[in-house]
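Colleague: Residue numbers (my numbering): 31 to 126.
1) Decide yes or no for the touch test of the stretch 64 to 75 against the stretch 107 to 116: beta carbon pairs closer than 8 Å, at least 3 of them.
2) According to DSSP, residue 51 sits in a beta bridge with which residue or residues?
3) With a 10 Å radius around its C-beta and 16 neighbouring C-beta atoms as the bar for buried, classify residue 32 as buried or exposed.
4) Using only the alpha-carbon positions, how far apart do residue 45 and residue 39 sit?
5) Just reading off the beta strand (DSSP E) that residue 110 is part of, what are its end residues?
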């Protein structure tokens, strides 16, 4: 998680606005430390530079989490896609 967040911070510093493509094929337990690290990142860096997030997974419950996060972070356009709809997810990030 630290590596991903560091790369994201670098992209924000270099480009300003970022779009996130997140593909989840399998999912173990959510570690509390990872959640804390993610929220600390959002408070340190902010979320105003994140415009869109596409989460690609066949886990239906993850789509519900994406919907919930979309309601919490109203300025970020978030959408869940199935694994079969990867191309649609990329178009969502490119064309909105």
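Using N, Cα and C, we set each Cβ at its ideal position, and we do this for glycine too.
Treat the numbers as computed from the prediction; the structure is a model and nothing was measured.
Modeller: Let's see:
1) no
2) 84
3) exposed
4) 10 Å
5) 107 to 111
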